[in-house]
Amino acid sequence: MLERDDWWPLATKLDWEFSYVPERDVYPEVVSGSPWLSAAEWQGWEEPYRTTYGEYVATQHRKEVGVAAVRAAIGKVADYQKLDRGWLSAVKLHAAGLALAEFAAVVGNLRAARFGRASAWRAAATVGALDELRHTQIPLLLMHDLVRWDVQFDWTHKFFHTNNWVAIAARHLIDELLLLSDPIEFAIATNFVFETGFTNLQFVGLSAVAHHAGDRMMENMLQSIQTDEARHSQIGGTVLEMLSKHDRSRARALVDKWFWRSWLFFAITTGFAMDYLTPLGERRHSFKEFVDEWIVGQFQGQLARYGLAVPWYWSEFLASRDHYHHMAYASAYTYRASLWFDCVLPGPAERAWLAEKYPASWPLYEPIWQRVTERARQAAPGLEWFTHGTTPVTFCDLCQMILCGGTPQKNSAQTRQHAGSSFIFCSAPCAAIFEREPERYAAHQSVVRRILAGKAPANLLMLLRTYFGLTQDSWGKDVAGGDYAWLVAEREARQSAEEPRC
Amino acid sequence: MLVPLHGFLQGDTVGLLLLVHDTDSLEHVARTLIDAAVVRVAPPARARLYSGGVELPLGATVASAGLAPLARVDLVPDEERREEQP
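In the order they appear, the protein sequences are chains Z and Y.
Each residue of the first sequence is one higher than the last, beginning at 1 in our numbering.
Each residue of the second sequence is one higher than the last, beginning at 1001 in our numbering.
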């Protein structure tokens, strides 16, 4: 009887020689991706995990038992009610962005399982698709239990089906990344950049934060998912190696495009959670420190391994670690009713922590929060609109996110003309991605274009209610209703100082 | 005619959609942008309006300044005006 390591290559390298149809018809380039190479050239494709289906089932069963046990022990509404409200907003943000995006990843993996050019690649993508089904079902199940208590958790399932501006941006990313890309682009965009470059940040970094926040359920869920991601992300490296060998300029273009698009996504989902929504006493590291530890050095090393330079906008990326999520969060807080989760107004202690962690950039944000705080101080608790914007914001014609690139001193928005129309982008990389493939992106309508076309209302309140799918119960509010102990104390001190003295 | 503009106030964190008319003065455009950002940025005493790096006269109208739909305008508070304009 053969030993495991003897039969494994026989099984994974099992393939057909086609006699009735040409190989190009079985794996058309338009579906399998470019460059089209014969199966013989892909024979050396390898991945380090070398998991058999039997081993996969046994391992996944153990993980499922683990998640179920934790859910039974601490996954009830009463357990979540003990958690900090700000942290619960991080959970809502993450769960909505995760669940159905993972379902789209099932489709991407299944396309690779059929049209990937190496049999071992197809085998790895098959179990990758099964992984992503788990990653869809786990958050849907866990958050479904909480909907009766807090309707915002319903957005775990609802989010991608709405025309909420964040959902439009997320769909623009996820549709291209997971549903439209051919297996070669999918392997580089999803497996190499998104999963190798970024999900470690999301699942390792954020699970550590969940641990400190006392959310063992979230911690367990993220760790369970991360172990899958670590395995199927390995598909990407060897595909990138092949692409670099045969079409280096395309390899670079794909890495450049997907690193930037992934960065914007993770800066929001993880940056908000780590620097604003996690209770101050439970924070150990800033978002920037996590990025430096889990992305910058690691990703540079991965690229060097395949003989590729860092993306052309690397200095802009490094600068944005100090700014992008701060720009976005201040904007989001003052447009929180357009979201499905509540936002935290950073108090003096939180702002002192941010000033310590971001000494170069925080002085630009302190006046903004002082201004918002001053208005919150003037308002009675629960009076949300005095610290809320009333004018619609504008959106990037590539990533569909709000135009909050650059710094408060110099917003990095860029305008371009294409086919007689004016387009605006949040950053030079987004403009460059658009200009490389304008036919792919030009027809997509941002929220602003939908308003101008009469498809969405210009009135902000109507926009929230009739287009973004929000109601007064579900839209984002200040997490404390403006009733922070530090703010109450400041308000009372000021009133006391202003009272006439006899 | 309604002219939508992308407005950026220096010191703010996000671009804002300004729905103005071609007959509106640029002073009205500047005031609209300041009002739209008032939650985050205290209204400046004086500010200058730019488009494409060129300073625009506040007395001009949207039409006479040649601002096309979806043009970008930047409002720079005087006290923060820098050598390099957006």
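Note that CB positions come from ideal geometry on N, CA and C, so glycine has one too.
All values derive from a computational prediction rather than experimental measurement.
{"Check": "At least 3 beta-carbon pairs within less than 8 Å: the region 148-164 of chain Z vs the region 259-273 of chain Z", "Outcome": "no"}
{"Check": "Lysine 288 of chain Z at chain Y interface by Cβ criterion, 9 Å", "Outcome": "no"}
{"Check": "CA-to-CA distance, tryptophan 475 of chain Z to phenylalanine 160 of chain Z, given in whole angstroms", "Outcome": "16 Å"}
{"Check": "Neighbourhood of threonine 269 of chain Z by C-beta distance below 8 Å, restricted to the same chain and skipping five residues each side", "Outcome": "Leu93, His94, Gly97, Gln202"}
{"Check": "Residue from Z:Tyr335, Z:Ile433, Z:Trp340 with nearest C-alpha to valine 393 of chain Z", "Outcome": "Z:Tyr335"}
{"Check": "Close Cβ partners of serine 422 of chain Z (< 7 Å) along its chain, the five nearest in sequence each way excluded", "Outcome": "Thr415"}
{"Check": "Spatial neighbours of glutamine 300 of chain Z in its chain, beta-carbon cut-off 7 Å, leaving aside the 5 residues before and after", "Outcome": "Val310"}
{"Check": "Within 9 Å, strictly: CB atoms of leucine 37 of chain Z and methionine 242 of chain Z", "Outcome": "yes"}
{"Check": "CB contact check: valine 344 of chain Z to chain Y, cutoff 9 Å", "Outcome": "no"}
{"Check": "Which listed residue (Z:Glu437, Z:Ser207, Z:Leu133) has its alpha carbon closest to that of alanine 398 of chain Z", "Outcome": "Residue identity differs from the one stated: residue 398 of chain Z is leucine in this sequence, not alanine. Among Z:Glu437, Z:Ser207, Z:Leu133, the Cα nearest to that of leucine 398 of chain Z is on Z:Glu437."}
{"Check": "9 Å Cβ cutoff, methionine 327 of chain Z in contact with chain Y", "Outcome": "yes"}
{"Check": "Listed by chain order, chain Y residues near threonine 373 of chain Z by CB distance under 8 Å", "Outcome": "Near threonine 373 of chain Z there are no residues of chain Y at all, since even the closest Cβ is about 11 Å away, more than 8 Å."}
{"Check": "Close-in-space but distant-in-sequence residues of the same chain around serine 19 of chain Z (CB under 7 Å, 5 per side omitted)", "Outcome": "none"}
{"Check": "Beta-carbon separation (whole angstroms), leucine 254 of chain Z vs glutamate 366 of chain Z, contact threshold 8 Å", "Outcome": "So it is not a contact: roughly 39 Å between Cβ atoms."}
{"Check": "Nearest-angstrom beta carbon gap, leucine 364 of chain Z and proline 408 of chain Z [assumed within contact, 8 Å]", "Outcome": "5 Å"}
{"Check": "Environment of arginine 4 of chain Z [buried if 16+ CB atoms lie within 10 Å]", "Outcome": "exposed"}
{"Check": "Nearest neighbour of glutamine 302 of chain Z, chosen from Z:Lys76, Z:Gly237, Z:Asp478, Z:Ile138 [CA to CA]", "Outcome": "Z:Gly237"}
{"Check": "For tyrosine 49 of chain Z, the three-state DSSP class (helix, strand or coil)", "Outcome": "coil"}
{"Check": "Backbone CA spacing between tyrosine 80 of chain Z and aspartate 215 of chain Z [nearest angstrom]", "Outcome": "8 Å"}
{"Check": "Supposed contact pair tryptophan 340 of chain Z and asparagine 200 of chain Z - C-beta distance, whole angstroms, cut 8 Å", "Outcome": "Going by Cβ atoms, the distance from asparagine 200 of chain Z to tryptophan 340 of chain Z rounds to 26 Å, so no, they are not a contact pair."}
{"Check": "Proximity to valine 209 of chain Z [Cα-Cα], best of Z:Pro28, Z:Thr278, Z:Ile174, Z:His135", "Outcome": "Z:Thr278"}
{"Check": "Nearest candidate by alpha-carbon position, reference alanine 328 of chain Z, set Z:Ala273, Z:Ser315, Z:Val26", "Outcome": "Z:Ala273"}
{"Check": "Within-9 Å CB hit, alanine 458 of chain Z to chain Y", "Outcome": "yes"}
{"Check": "is_contact[glycine 1066 of chain Y, chain Z] using C-beta, thresh 9 Å", "Outcome": "no"}
{"Check": "Tyrosine 313 of chain Z, buried or exposed, once every other Cβ within 10 Å from all chains shown has been counted against 16", "Outcome": "buried"}
{"Check": "Boundaries (first-last residue) of the alpha helix (DSSP H) holding aspartate 79 of chain Z", "Outcome": "77-81"}
{"Check": "Straight-line Cα distance separating tryptophan 121 of chain Z from arginine 50 of chain Z", "Outcome": "10 Å"}
{"Check": "Exposure label - valine 65 of chain Z; buried when at least 16 CB within 10 Å", "Outcome": "exposed"}
{"Check": "Chain Z contact for leucine 1075 of chain Y (CB, 9 Å cutoff)", "Outcome": "no"}
{"Check": "Short CB-CB distance (under 9 Å) between leucine 1056 of chain Y and chain Z", "Outcome": "no"}
{"Check": "Three-way DSSP call (helix, strand, coil) for arginine 1048 of chain Y in this model", "Outcome": "strand"}
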